[in-house]
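**Q** Going letter by letter, the sequence shown gives residues 1074 to 2262 in our numbering.
Glycine included, each C-beta is placed from N, C-alpha and C at the ideal position.
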Amino acid sequence: MWNSIKRFGNYLAPFIRSAIPVLMALLVILVLVGIWLFGPKLELFEIKPLASIAMRWIASLVVILLVALVWGIKQFRNLSKMRELEEQEKRYQESPLQKIVDRQEDEFNQILEGMQSSLGVTNYLYKLPWYLVMGVETAGKTSLINRSQQSFALTAALKANMGQRKNPYGIDWWIGDESVIMDPDGEILTQASVTQENGDVKKALWDHFIQWLVENRSRRPLNGAIIVLDLERLSTGSVSSRKAYANVIRSRLRELMEKLSTRFPIYVVLSKMDLLSGFDLFFKHMSKAQREEAMGFTFSMDSVHNYDSWMDEFEQQYTQMLSRMNKMLPRQLEQCKNTQERTNLYSFVRQLSGLSEVIQHFLKEALESDKFSTSALVRGVYFTSVYQQGVPSDSFINNAAKLYNLPEQINRAQHAEQSSMYFSGGLFRTVIYPEAGIAGDNFKVARHKRNVLVLSMVVCSIASIMLVLTWHNYYGKNKRAADGVLAKAGEYIEQNIDYKIDPSGRNLIKPLNLIREATLEFGFYRNRSKFVADSGLYQGHAIGPQVEQAYLDLLSSRYLPALMQGIVQDMKAQDAGSNEKLMVLRVLRMISDREGRLDATVEEYMAQRWQREFNTQGKVQDELMGHLEYAMEHTNIADARRQGESKINAAVSPFDNEIARAQADLAKLPLENRIYRNMTHTAAQELSAALDVKAQIGPVYDIVFQNRSMAWGDGAERPNFIQSIYTKEGFINYFLPGTEKVTKLAIIDNWVLGKVEKVNFSEADKKYFRGKLVDQYVADYVRSWRRAMNNIEVQSFEDINHAVLILRNVTDSQQPLQRIIKLLKTNTALFPKLEVDSEEARELALKTPQYALAARIDKQFSELVGLTEVQDDQPAYLDEVMAEIINLYNYTKAIQDAPDIGKASLEAAKKRLTLNDIDPIFSLQRIASGLPKPMDLIVGKLASQTWNVILKRAVKEVEKRWYEEVYSDFEEQFAGRYPFDNSSNLDVSLIDFERFFAPDGKLSVFYKDNMKIFLEDHLEELNSIGGTGEQLIRSDVLEQLAAAWRIQEAFFDRKGNLSVQFSVQPVRLSSNKRRSVINIDGQIIDFSHGASREISMVWPNSLREGNRSKLTLVPLAYNRSPRSIQRTGPWAFFRLIEAGQLSGSGSTNVQLNFSIDKGQVSYKLLAESNNNPFTQSLFKDFSLPKNLY
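Okay, structure coming up:
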């Protein structure tokens, strides 16, 4: 899978690289657009730097120039790399060898870096001796190094890191614990090859190696050279080949010594001694210790001056070696088992004897001194056998065979696995390494050192002369200073000092100046070294303390008490318990007692006091301050009083009572409260202006939000302003660094108030006091931000247009909700989150005071700040909230964009109340209920206010339809007509009455379609959008609707027809009347004296406009005509009822009396229900209102 991802990444890489210029161009365009769009609104430190067009042009130009500069630098670097590559390629073309040389240079530098990192010392180049091993191919150089019983661990590590060598030839490095051995390939040494090209390569590598040594180890490039010669090759080689080999060695050594400018010891090692027949027999009885010892000749140091003395020593010592071997030969021969062994043993000694002249001649050719080059310092010649392998040769037998034309002897090959080390184990440790210091330094470097030594001697001579002159100068200087002290002291003694107390201290300036000048004749002796000052001749330490004591006595007994007198007067003038009084008491206590003294506090206070008193008199102020500074540094009145200084005690003791009274007054307020109050007061003065939440959110605040009517404390602060100390700036730049300072001041003030004698609080005391301050600070910090957040409230929506405006500003790019949380996060998430995997590390970090304090503040708002955080690849919760707000905006915007907003609002309200459509209002309200405060109120109000304006607009639409469809009809057909107006002669048509008031009439249909959903199903919700404590729909509307329903119930039956079912029962007829006849819309009831019964009636009996109701009384006398009361019209029966007088009533009946022609008759009307037109005044005061709210 990883390989697939990697291949995909490699596939995309070219596209990404090619898209970078386009992306950068887009970024620049966006920055420029941002400068011109948002630049005028950008505010930094209460300044709008991009408000003017000119500044925006300058900013745009700066952005373009920066991009051009970055692009130019990148192009310059690319061009420089290209030029370097071109120059390198050109150099390689001109000199193909340069590439190989550069590879070798890199290899050598890597080796040096490895040595530096492994050795771990600055002098790593010279910590170990460096040796060069020289020899042709197959001479046994590498085997000799490998089998020398040394550890080359660093070599193995370097080879593993560097990998395989890239050059055809090179130098092997053997870096061990005791030395650095360089082993060049034999081809580099001989520099012989078939082609001239390869020869040039070898010579170039050799020359570079020498030059590299000069540059990197110039002082002593080599500690020695080891020439490894193949002994068997010397014995069997021709004279010409040996001579050529010797010349190669001589040439390489000459090049080394001339270019390195040094003469180093040379050790000759004759390897492969085991290839001389008889070697194994001669040395087989040796012990391991004997085999590890070096075998050969170490020459004396005479050859240092007598260059070729070593050759004589070689001849002499070689002869002695052969002599010793010849003496050992008889015993060795006795131990041989057969003739062949004796022959080989004897032949071995003869071969060595025969090689004496060959070796000596070769060494002479290679190492003998001459007049044209530096002579070789040959230190010895040694024999070794590292591996016993190959076929031994016997030059002694072979030469004898040649004389007699016999075939050469055929010897048995040796087995490598049975090899032992002979004479190589101790060669390096016992012979070569002990002489590591013999090598001479580079002649040029040595010459440079001599020049430095000569120059140093010259400088030292000049310095000695200058030292003598300096002593003479300082002697005169100290003599003059001593005379000045005597003169000034005498003048001070003769001075008459004014003993009048001057609170400013001005009257003491002259005597103080005299004694101070005497004290300072030698300068500040405390700042001068006793043994170094004035080159050891300084006398201030002997004279200065005596004169200074008089100066300090005058300061302690006169000057400081006078100043304290003025400070006590200032303290009395301050308000009781005020911080100003504490500040003055602090100065007073610090002047007299060094225990809690802060020099800067005293000096700052007195400087302000003297500036007011001696305005424009700078010299007087400077002189007074100079004496005060010296007094603060060197006097301690309280300590002098404890030691019984009566003069000082008498001068200062009058202030003790005033100090005690001030301490008692100031101790009434807890110290930590006082310090914290002073800290916040100082922060308000020193820090920037209070943070305006409204300004931070931007102009959109006034569009979307409003401030709640709330105050904190005494209400002096505006809740949307945060004091700077309760911001991130105040926390990091003022409170955190100021806590330690305030803690120190609190400790000092504890001493100032006399609660402790020494300013020495334990860490626990400091921690307790800091905890008190932190608790108050955290409480006020959280309270300030909670108050500011809770003060933010969404404006009440005026109408749908206003709602759309606010919702659009909430959802557009200004993002006021995000700004609120970002502002809160910036000032409450005071430290970045700990990105550590270890829980232990997290707990350790949280235990630090800074993180612990920040965590306490962060915890209070973490839930609100967390709304903008992305977790587990899930979008931030606020993004989901914003998505719902956008849905609400689109929902409201659709209503606004409708052709008829009122109709759209009414339809939207109906759908929402009947749950027949999507409801973004409900969704947002549900989301808001789960949000932390105050975001729940803000988001919730967006939803509720949107619903309110929609509902209001819907009700307004209902009111409009009410007026057009109901009210207008009522006014036209019913108002001013009977039975709604009893005085009217016009009657309401029963058809119109039925059309309007019937259960399926206009009023009921309108109510069901437009009003029932609000007034019956959601009346509380409707009332909630009204004014505070008021219902939205007017009460008289509800009352008239209730009256209308009573009319409907009274006049209409269950089928919805206009029909009033009732009964009429005659009750009484006066004696002067014979009978009564009542006609109700054609329904006649005839009543005479006697028993009566209920007769069922119905009204109306007809819907004709010409209905008539009539009551007739027939007199007893036949000669008189009946008299009647008659009413006509659709409402004739009710008009007839009104002609009677009410004499009794119940819930369902009413009794009416009629008087006609001096006769009376009574009727009882009985209704079937309580709600009837006879027992209730249904039409009295009935009138539909014009407006619904």
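Can you name, in chain order, every residue of its own chain whose Cβ lies under 6 Å from the Cβ of residue 1223, other than the five neighbours on each side?
**A** Within the sequence shown, numbered from 1, the residue matching residue 1223 stands at position 150. The answer, listed in chain order, is 1249.
**Q** Going along the chain, which residues of its own chain have a beta-carbon closer than 8 Å to the beta-carbon of residue 1923, five neighbours each way excluded?
**A** Residue numbering aside, residue 1923 sits at position 850 when the sequence shown is read from its first letter. Only 1809 and 1904 meet the Cβ criterion.
**Q** Please state the DSSP three-state secondary structure of residue 1247.
**A** Against the sequence shown, residue 1247 aligns to sequence position 174. The DSSP-derived three-state label of residue 1247 is strand.
**Q** Examine the ligand GTP and report whether any of its heavy atoms sits within less than 7 Å of the Cβ of residue 1454.
**A** The ligand GTP is not part of this structure, which contains no ligands at all.
**Q** Which ranges would you report for the alpha helix (DSSP H) in the stretch 1115-1141 if only whole runs of at least 4 residues count?
**A** none
**Q** Does the Cβ-Cβ distance between residue 1307 and residue 1294 come in under 8 Å?
**A** Working through the sequence shown from its first residue, we reach residue 1307 at position 234. Working through the sequence shown from its first residue, we reach residue 1294 at position 221. For residue 1307 and residue 1294, no; Cβs fall outside 8 Å.
**Q** Nearest to residue 1661 by alpha carbon, out of 1939, 1331, 1726 and 1232?
**A** Reading the sequence shown from its first residue, position 588 is the one you call residue 1661. Check the Cα spacing between residue 1661 and each of 1939, 1331, 1726 and 1232: the tightest is with 1726.
**Q** Run the CB neighbour count on residue 1677, radius 10 Å, all protein chains shown included, and call it buried at 16 or more, exposed below.
**A** Taking the first residue of the sequence shown as 1, we reach residue 1677 at position 604. Exposed, since its Cβ has fewer than 16 Cβ neighbours within 10 Å.
**Q** Output yes or no for whether 8 Å exceeds the beta carbon distance between residue 1855 and residue 1933.
**A** Working through the sequence shown from its first residue, we reach residue 1855 at position 782. Working through the sequence shown from its first residue, we reach residue 1933 at position 860. A contact, by the Cβ cut-off of 8 Å.
**Q** DSSP has residue 1298 in a bridge; who is on the other side?
**A** In the sequence shown, counting from the first residue as 1, residue 1298 sits at position 225. According to DSSP, which records beta bridges pairwise, residue 1298 is partnered with 1205 and 1339.
**Q** Count the other CB atoms, across all protein chains shown, that sit within 10 Å of the CB of residue 1495; report buried if there are 16 or more and exposed otherwise.
**A** One-based indexing of the sequence shown puts residue 1495 at position 422. Residue 1495 comes out buried.
**Q** For residue 1807, collect the residues of the same chain with a Cβ closer than 8 Å to its Cβ; drop the 5 residues on either side in sequence, then sort them by chain order.
**A** Start at 1 with the first residue of the sequence shown, and residue 1807 comes out as number 734. Counting only Cβ-Cβ distances below 8 Å, and skipping sequence neighbours, we find 1756, 1759, 1760, 1797 and 1798.
**Q** Please report the residue range of the alpha helix (DSSP H) in which residue 1931 lies.
**A** For the purposes of this step, residue 1931 is taken as the residue at position 858 of the sequence shown. Run containing residue 1931: 1922-1938, per the alpha helix (DSSP H) assignment.
**Q** My parser needs the beta strand (DSSP E) runs of 3 or more residues fully inside the stretch 2194-2222; what are they?
**A** 2196-2201 and 2214-2218
**Q** Using alpha carbons as the reference points, say which of 2256, 1304, 1436 and 1451 lies closest to residue 1377.
**A** Position 304 of the sequence shown, counted from the start, is the residue given in the question as residue 1377. Ranking the options by Cα distance to residue 1377, first place goes to 1451.
**Q** Work out the CA separation of residue 2036 and residue 2111 for me, nearest whole Å.
**A** Along the sequence shown, read from residue 1 onward, the residue named residue 2111 stands at position 1038. Along the sequence shown, read from residue 1 onward, the residue named residue 2036 stands at position 963. Approximately 16 Å, taken between the alpha carbons.
**Q** Put residue 2142 into one of helix, strand or coil per three-state DSSP.
**A** Taking the sequence shown and counting its residues from 1, the one referred to as residue 2142 is at position 1069. In the three-state reduction of the DSSP assignment, residue 2142 falls in the strand class, which pools E and B.
**Q** What did DSSP end up calling residue 1261 once you bin it into helix, strand or coil?
**A** Taking the sequence shown and counting its residues from 1, the one referred to as residue 1261 is at position 188. If DSSP states are grouped into helix, strand and coil, residue 1261 belongs with the helices.
**Q** Please classify residue 1789 as buried or exposed, where buried requires at least 16 other C-beta atoms within 10 Å of its C-beta.
**A** Mapped onto the sequence shown, residue 1789 falls at position 716. Only weak support exists for where residue 1789 lies, its pLDDT of 44 falling under 50; the coordinates are left without a value.
**Q** Would you mind listing the beta strand (DSSP E) stretches within the stretch 1806-1839 that are 3+ residues and don't spill past its ends, in chain order?
**A** none
**Q** By the DSSP assignment, the beta strand (DSSP E) with residue 1324 in it spans what residues?
**A** Against the sequence shown, residue 1324 aligns to sequence position 251. It is not in any beta strand (DSSP E) - residue 1324 instead sits in the alpha helix (DSSP H) that spans 1312-1333.
**Q** How many angstroms separate the CA atom of residue 1786 from the CA atom of residue 1683?
**A** Indexing the sequence shown from 1 puts residue 1786 at position 713. Indexing the sequence shown from 1 puts residue 1683 at position 610. Low local confidence applies: a pLDDT of 43 at residue 1786 is under 50, so the model's placement there is unreliable, and no value is given.
**Q** State whether the stretch 1702-1712 contacts the stretch 1621-1629, with contact taken as three or more CB pairs (one from each stretch) at a distance under 8 Å.
**A** yes
**Q** So which of 1416, 1415, 1387 and 1405 has the shortest CA-CA distance to residue 1430?
**A** In the sequence shown, the residue the question calls residue 1430 occupies position 357. Selected option, being the one with the closest Cα: 1387.
**Q** In this structure, does DSSP put residue 2234 in helix, strand or coil?
**A** The residue given as residue 2234 occupies position 1161 in the sequence shown. Collapsing the DSSP output to three states places residue 2234 in a strand.
**Q** What are the residues that DSSP puts in a beta bridge with residue 2240?
**A** Counting from 1 along the sequence shown, the entry for residue 2240 is found at position 1167. In the DSSP output, where bridge partners are listed per residue, residue 2240 has 2135.
**Q** With a 10 Å radius around its C-beta and 16 neighbouring C-beta atoms as the bar for buried, classify residue 1264 as buried or exposed.
**A** The residue given as residue 1264 occupies position 191 in the sequence shown. It counts as buried.
**Q** Span of the alpha helix (DSSP H) holding residue 1304?
**A** As a first step, residue 1304 is located in the sequence shown; it is residue number 231 there, counting from the start. Unbroken alpha helix (DSSP H) run through residue 1304: 1304-1309.
**Q** Under the rule that 16 or more other beta-carbon atoms within 10 Å means buried, what is residue 1720, buried or exposed?
**A** Taking the sequence shown and counting its residues from 1, one reaches residue 1720 at position 647. By the 10 Å Cβ count, residue 1720 comes out exposed.
**Q** Whole angstroms are fine: how far does the CA of residue 2242 sit from the CA of residue 2249?
**A** For the purposes of this step, residue 2249 is identified with residue 1176 of the sequence shown, where counting begins at 1. For the purposes of this step, residue 2242 is identified with residue 1169 of the sequence shown, where counting begins at 1. Taking the straight line from one Cα to the other gives about 11 Å.
**Q** Give me, in chain order, the residues of the same chain whose beta-carbon lies closer than 7 Å to that of residue 1152; leave out the 5 immediate sequence neighbours on both sides.
**A** Against the sequence shown, residue 1152 aligns to sequence position 79. Taken in chain order, the list of residues that qualify is empty.
**Q** Tell me, please, which residues DSSP counts as bridged to residue 1457.
**A** Translated into positions along the sequence shown, residue 1457 becomes position 384. DSSP lists no partner for residue 1457.
**Q** Can you name the start and end residues of the beta strand (DSSP E) that residue 2159 belongs to?
**A** Taking the first residue of the sequence shown as position 1, residue 2159 is located at position 1086. Counting along the chain, the beta strand (DSSP E) containing residue 2159 begins and ends at 2156-2161.
**Q** Is it right to say residue 2117 is buried, meaning 16 or more other beta carbons lie within 10 angstroms of its own, or is it exposed?
**A** Here residue 2117 is taken as the residue at index 1044 of the sequence shown, counted from 1. Looking at its Cβ environment, which holds 16 or more other Cβ atoms inside 10 Å, residue 2117 is buried.
**Q** Would you mind working out which of 1826, 1742, 1718 and 1510 sits nearest residue 1733, comparing C-alpha positions?
**A** Here residue 1733 refers to the residue found at position 660 when the sequence shown is read from its first residue. Cα-wise, what sits closest to residue 1733 is 1826.
**Q** For residue 2172, which residues from the same chain have a beta carbon less than 8 Å from its beta carbon, with the 5 sequence-adjacent residues on both sides left out?
**A** If you number the sequence shown from 1, residue 2172 lands on position 1099. The residues are 2132, 2133, 2135, 2153, 2154 and 2206.
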